[in-house]
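Asker: Shown below is the structure under consideration.
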């Protein structure tokens with residue numbers, strides 16, 4: 001895919017050292033996302049909603065019910081999509097220099113519908129694999145009625161930008177002697193003990209996504 | 001605080017069994033957030049950006065540089081704020097019934113500035129305590145110049161709604177015999193090994209927020 005274009009909307013004016021426009025960087029951040037946030041206008045008001053998401057090729061995918069007002073709005077209007085991984089708390093010697101480490105992506109554009117049943121089936125299979133690698137072959141695939149009742153939407157990654165902060169505290173020289181612990185408290189999404197349904201405890205446990213900690 | 005009003009924007013039409021309007025529920029979800037997503041319109045386009053956040057009383061607080069275009073826009077226009085905790089992957093026997101467990105809050109309204117230096121100092125102290133309990137007394141507090149250079153913004157929780165999904169898979173009866181593991185793979189933000197700066201390894205380690213797993 002071409003490097004996402006550096007449009008006025010993807011120029012980072014504040015702290016531009018955190019901005020990244022390379023496609024590989026943007027893809028890698030998206031590929032660790034299970035949820036995105038979508039901003040859109042509807043009914044004269046701006047909204048922000050979380051949606052499950054996954055990437056295939058040069059598109060971010062979401063899905064919703066066929067008759068949903070939200071998916072119809074997203075097909076008719078531009079939106080902004082935000083993905084954020086909070087990677088750590090940056091604990092400085094001064095309150096002012098506290099910060100957070102993170103990787104985020106902003107995507108601008110309009111969603112389009114993918115209505116071809118075979119393409120939808122492949123995309124939902126990829127979604128199951130994203131959520132739990134190896135699982136798509138084990139579960140019942142969507143029926144024609146389930147596929148028809150679900151809308152598959154995708155947005156191109158043509159206009160996107162990543163922001164990354166991944167370094168330590170930046171205290172001023174005059175604060176370096178303050179005798180408090182300073183550094184980074186890393187944060188990551190991790191998996192807890194599995195909660196099997198009745199009758200499932202002895203079955204092969206599901207895999208967590210590779211980017212989820214143990 | 002009064003229970004957030006059930007306005008047209010906070011009515012949940014799809015899956016209303018997931019909606020919660022009680023103030024205590026909304027507050028509890030906000031209190032586990034370190035980052036929120038803010039949707040707003042600027043320059044003829046909708047945007048969605050992550051911001052650090054914390055709650056005091058009936059307000060969600062954010063901060064930014066005094067001369068930032070973003071904070072100015074947020075003071076002049078309505079926005080929507082979204083907070084989402086991804087709590088688990090719901091793994092069903094059919095691809096169609098896969099889901100996610102989550103707790104989310106949507107807040108509608110307009111940010112206002114809190115410019116009183118004493119109120120700002122107290123709010124930033126609460127922010128440091130939110131990020132690392134007990135830390136505010138150990139670090140250098142903001143100087144008058146630092147306080148003056150930072151904008152403190154808050155939005156009332158008057159128009160807000162929570163959505164929660166916190167149960168297992170909902171497979172159809174005819175899928176119950178499929179011999180795949182089904183249940184919930186819990187997810188939570190956890191702390192990794194501390195990364196101290198040079199000279200800090202032997203100091204009292206910082207506390208993580210109580211809602212962060214070990």
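Chains as they are written, first to last, in full-length UniProt numbering: chain E, 1 to 214; chain F, 1 to 214.
Backbone N, C-alpha and C define an ideal beta-carbon position, used for all residues, glycine too.
No experiment lies behind these values; they were computed from the predicted model shown.
Who are the near neighbours of residue 216/E in its chain, counting only those whose CB is closer than 8 Å to its CB and skipping five residues on each side?
Answerer: Since the first residue of chain E shown is 1 and the last is 214, residue 216/E is not available in this structure.
Asker: In terms of DSSP beta bridges, what is residue 80/E paired with?
Answerer: 39/E and 108/E
Asker: Only counting the same chain, and skipping five residues up and downstream in sequence, which positions put a Cβ closer than 6 Å to that of residue 38/E?
Answerer: These residues qualify, in order along the chain: 49, 51, 79 and 81.
Asker: Tell me, please, whether the CB atom of residue 131/E is closer than 8 Å to any CB atom in chain F?
Answerer: Under the 8 Å criterion on CB atoms, residue 131/E is classed as interfacial with respect to chain F.
Asker: Compute the beta-carbon to beta-carbon distance between residue 160/E and residue 107/E, rounded to the nearest angstrom, for a pair I have assumed lies under 8 Å.
Answerer: 4 Å
Asker: On the criterion of 16 or more Cβ atoms from any shown chain inside 10 Å, does residue 7/F qualify as buried, or is it exposed?
Answerer: Classification for residue 7/F: exposed.
Asker: Expressed to the nearest angstrom, what Euclidean distance is found between the alpha-carbon atoms of residue 60/F and residue 154/E?
Answerer: 32 Å
Asker: Does residue 11/F have its Cβ less than 8 Å from a Cβ in chain E?
Answerer: With 8 Å as the cut-off, residue 11/F does not count as an interface residue toward chain E.
Asker: Locate the beta strand (DSSP E) running through residue 50/F, then write down its first and last residues.
Answerer: 45 to 52
Asker: Any idea what DSSP makes of residue 117/F, helix, strand or coil?
Answerer: helix
Asker: Which residues does DSSP list as the beta-bridge partners of residue 151/F?
Answerer: 64/F
Asker: Examine chain F for any beta-carbon lying closer than 8 Å to the beta-carbon of residue 135/E, and answer yes or no.
Answerer: yes
Asker: Any idea if residue 176/F is buried or exposed, counting beta-carbon neighbours within 10 angstroms, 16 or more meaning buried?
Answerer: exposed
Asker: Would you mind stating whether residue 55/F and residue 27/F have Cβ atoms separated by less than 8 Å?
Answerer: yes
Asker: Kindly indicate if chain E contains any beta-carbon less than 8 Å away from that of residue 28/F.
Answerer: Cβ-Cβ to chain E under 8 Å: no for residue 28/F.
Asker: What does the Cβ neighbour count give for residue 75/F, buried or exposed, with the cut at 16 atoms within 10 Å?
Answerer: exposed
Asker: Since residue 191/E is in the beta strand (DSSP E), which residue starts that stretch and which ends it?
Answerer: 183 to 191
Asker: Return the chain-ordered list of same chain residues with a C-beta closer than 6 Å to the C-beta of residue 99/F, the five sequence neighbours on each side being excluded.
Answerer: 90
Asker: Going straight from the alpha carbon of residue 121/F to that of residue 201/E, what length do you get?
Answerer: Cα-Cα distance, rounded: 52 Å.
Asker: Can you give me the Cβ contacts of residue 1/F inside the same chain, cut-off strictly under 6 Å, excluding the 5 residues immediately before and after it?
Answerer: Confidence at residue 1/F is low in this model, with a pLDDT of 46, below 50, so the placement of that residue should be treated as unreliable; the coordinate-derived value is given next. The beta carbon of residue 1/F sits closer than 6 Å to those of 23 and 58, all from its chain and outside the five residues before and after it, given in chain order.
Asker: May I have the straight-line CA-CA distance separating residue 46/F from residue 14/E, to the nearest angstrom?
Answerer: 18 Å
Asker: Output needed in chain order: residues of the stretch 146 to 179 of chain E with a Cβ under 8 Å from some Cβ in chain F.
Answerer: 146, 150, 168, 169, 175, 178 and 179
Asker: Do residue 214/E and residue 191/E have their C-beta atoms closer together than 8 Å?
Answerer: Cβ atoms of residue 214/E and residue 191/E: closer than 8 Å.
Asker: Compute the minimum distance between the beta carbon of residue 83/E and the heavy atoms of the ligand HEM, and state whether it is under 7 Å.
Answerer: No copy of the ligand HEM occurs in the structure displayed, which carries no ligand at all.
Asker: Could you please give the first and the last residue of the uninterrupted beta strand (DSSP E) stretch that includes residue 162/F?
Answerer: 159 to 165
Asker: To the nearest angstrom, how far is the alpha carbon of residue 133/E from that of residue 137/F?
Answerer: 46 Å
Asker: For residue 86/E, does the three-state DSSP call read helix, strand or coil?
Answerer: strand
Asker: Alpha helix (DSSP H) containing residue 27/F: first to last residue?
Answerer: 23 to 30
Asker: Measure from the C-beta of residue 53/F to each C-beta in chain E and report whether the shortest distance is under 8 Å.
Answerer: no
Asker: Could you check how far apart the C-beta atoms of residue 151/E and residue 64/E are, in whole angstroms? I think they sit under 8 Å.
Answerer: 5 Å
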